[in-house]
Each structure stands twice: as C-alpha cells, then as structure tokens.
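Asks: This is the structure I want to talk about, given as structure tokens.
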Amino acid sequence: MGFMSEEDLFKLAFDHKYKVEGSSILDGYVMQPFWRWLVEFLPVKHDPKALFHWTAPNTLTLVGLICMVVPASIMLYYSGDLMTPVPSWIYIINAIMIFVYQTMDALDGKQARRTGSSTAFGEVFDHGCDSISTIFCCLAVICISQGGVSWLSFAMCCGSLISFHACHIQAYYVGHVTFGAIDVTELQFAAISVNLLAGLVSPTFFSTAYIAGVFPAWIIPVLCVG
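Structure, rendered in structure tokens:
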C-alpha cells in the first residue's frame, strides 16, 4: 500500500490550491509591492522570436534554480571540505544570485496567475526546485561559517529540509501555508547579508570573529538556515 491513496493523488493533482495566510514584515511592506511592480514588465504573450519563453512561469522557476545551484556549486568546488575559504568574489556573486532566485521564485506564481497558466504541475515544479535550492543554499552557508563536514553541518541541512517539507505537509492537510512575522524572505536576506560580509569584509570573518567578545560569529550563518 502506498503512502497516498489514488483519491489523495487525484486531490493533490486537481483539487489542491496553493493558499497563503499571513505575511512576514519584509513581504508585506517591502517585497510584495516590489514584486507586483516588477511582474508587469514580463510579457503576457509569447514572442516566437524570443530566445527565452519569459511568459512561462516555469521558465522563471528554472532560472531561479540555476541562479542558486551554479554559484553554490562553484563555492563547493573551491571548498570541498566546507572549511576552506573561497575567493571573495564568489561570496558576492552568491549574494546577488540569492536575490535573483528570491525574485524569480516570487514572480513565477504572479506570472502564472497573470497569464492564466496556473497548473498543479507548475506548483509541484516550483516546490521541487525550491527544495533543491534549499540544500544548496544551506551548503553555501556552511561554507561561509566554515563548519566543515560535521554533525552540526548535517543538522543544519536536516533542519532546513525538515522545516521546508513540514511547511508543505501542513499546507496539504490544513489547506494553506501560514507565514509568520519573520519567515523565508527574512532568512533569505540574512543569507544575502552573511555572503556580503564574507565577501566584503573577510572570507574568514564568521570563523574568527566574536559577537560582543563572547559569542562566535559562526552562530549567525547557523541561524540563517536553522
């Protein structure tokens, strides 16, 4: 017997609607107005001569995934042990790409509703890409904190993925996703900030500095993904 019955699968494919309740501070006051303004620049009708099909929400989702995977992979190439500092420019590029990913992830749903192309597959594709992005973002933050291959690093990855999947399991059974005052958007900006600090100040900042002379600075990246 499978985990989900045929009736559950049918409901997930055809009856499930992605609903959100609540809004975080940055979402409600800063980012949602920005995203609503930005999505208006995307074409509604497809231009056959265009290189990319920007009217397709899944294109935006895929671009966002690439923006997360590529810079994080470069970081892992330079720091395969998750402890070796990488060149400063990589941290800065990673910070920029996290912002691009965040933007694409916000625009794909808005573009889908704008073009009347919302589908169950689009939602599954979106969340599937998000789950992949989550682990790459987590690994990149571990590189920044220079946590190495350790139980703490393993716990950080597990914590991020459990939080992500628990959110969507809740949505399936409760019927909506609930956002708190401090949520995903704030954590993404925290990840952007730690990348910028590592890139602009020092690649070893979070492994050597102390907060108020007491707490090791690597606690900050840990909180970003925990």
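Just so you know, we're using the numbering used here here: the sequence shown kicks off at 14 and counts up by one.
For every residue, glycine included, the Cβ atom is placed at its ideal position computed from N, Cα and C.
For clarity, every value in this text was computed on a predicted model and none was experimentally measured.
Just checking my contact of E199 with L51 at CB under 8 Å: how many whole Å lie between their CB atoms?
Replies: Here residue 199 refers to the residue found at position 186 when the sequence shown is read from its first residue. Here residue 51 refers to the residue found at position 38 when the sequence shown is read from its first residue. Contact flag wrong, Cβ pair sits at about 19 Å.
Asks: Do the segment 86-97 and the segment 122-129 make contact, defined as three or more Cβ pairs closer than 8 Å?
Replies: no
Asks: Going by beta-carbon coordinates alone, are V190 and V33 separated by less than 8 Å?
Replies: What you label residue 190 is simply residue 177 of the sequence shown in a count that begins at 1. What you label residue 33 is simply residue 20 of the sequence shown in a count that begins at 1. In this structure, V190 lies near V33, with their beta-carbon atoms less than 8 Å apart.
Asks: Could you pull the start and end residues of the alpha helix (DSSP H) that I205 belongs to?
Replies: As a first step, residue 205 is located in the sequence shown; it is residue number 192 there, counting from the start. V197 to L213 is the extent of the alpha helix (DSSP H) around I205.
Asks: Among the residues of its own chain, which have a CB less than 7 Å from the CB of F149, if the five just before and after it don't count?
Replies: Taking the first residue of the sequence shown as 1, we reach residue 149 at position 136. Here the set comprises M81, V82 and A85.
Asks: Going straight from the alpha carbon of T217 to that of A211, what length do you get?
Replies: Against the sequence shown, residue 217 aligns to sequence position 204. Against the sequence shown, residue 211 aligns to sequence position 198. Their Cα atoms are separated by approximately 7 Å.
Asks: What would DSSP say about V162, mapped onto helix, strand or coil?
Replies: Here residue 162 is taken as the residue at index 149 of the sequence shown, counted from 1. It is coil, neither helix nor strand.
Asks: Taking only three categories from DSSP, how would you classify C57?
Replies: On the sequence shown, position 44 is the one that residue 57 refers to. At residue 57 the sequence reads Val, which differs from the Cys that was named. In the structure shown, V57 sits in coil (DSSP, three-state: anything other than H, G, I, E or B).
Asks: Buried or exposed, going by whether 16 or more other CB atoms sit within 10 Å of the CB of C156?
Replies: Here residue 156 refers to the residue found at position 143 of the sequence shown. By the neighbour-count rule (16 or more Cβ atoms within 10 Å), C156 is buried.
Asks: From the DSSP output, read off the bridge partner residues of V33.
Replies: Translated into positions along the sequence shown, residue 33 becomes position 20. Paired residue(s): V190.
Asks: Which residue wins for smallest C-alpha separation from I175, given the options C151, V187 and S163?
Replies: On the sequence shown, position 162 is the one that residue 175 refers to. I175 has its Cα closest to that of C151, out of C151, V187 and S163.
Asks: What do you get for F219, buried or exposed, if any count of 16 or more other CB atoms within 10 angstroms of its CB means buried?
Replies: In the sequence shown, counting from the first residue as 1, residue 219 sits at position 206. Buried.
Asks: Return helix, strand or coil for A179, following the three-state DSSP convention.
Replies: If you number the sequence shown from 1, residue 179 lands on position 166. Helix at A179.
Asks: I'd like the span of the alpha helix (DSSP H) that includes T246, first residue to last.
Replies: Because the chain in this structure spans residues 14 to 239, residue 246 falls outside the shown range and cannot be described.
Asks: So, using beta-carbon positions, are M117 and V76 closer together than 8 Å?
Replies: In the sequence shown, counting from the first residue as 1, residue 117 sits at position 104. In the sequence shown, counting from the first residue as 1, residue 76 sits at position 63. Cβ atoms of M117 and V76: closer than 8 Å.
Asks: By the 10 Å Cβ neighbour count, where 16 or more other Cβ atoms means buried, how is T221 classified, buried or exposed?
Replies: Taking the first residue of the sequence shown as position 1, residue 221 is located at position 208. Exposed, by the Cβ-count rule.
Asks: So, with DSSP's three-state summary, where would you put P98?
Replies: Translated into the one-based positions of the sequence shown, residue 98 becomes position 85. Note: P98 maps to coil in three-state DSSP.
Asks: Could you work out which residue in T128, H181, A153 and S163 is closest to Q201 when comparing CA atoms only?
Replies: Locating residue 201 in the sequence shown gives position 188, counting from the first residue. When only C-alpha atoms are compared, the closest one is A153.
Asks: Pull up the distance between the alpha-carbon of E53 and that of S163, whole angstroms please.
Replies: Residue 53 sits at position 40 when you count from the first residue of the sequence shown. Residue 163 sits at position 150 when you count from the first residue of the sequence shown. Looking at the two C-alpha atoms, the distance is approximately 45 Å.
Asks: Terminal residues of the continuous alpha helix (DSSP H) containing M88?
Replies: As a working mapping, residue 88 is identified with position 75 in the sequence shown. Segment P70 to Y91, the alpha helix (DSSP H) holding M88.
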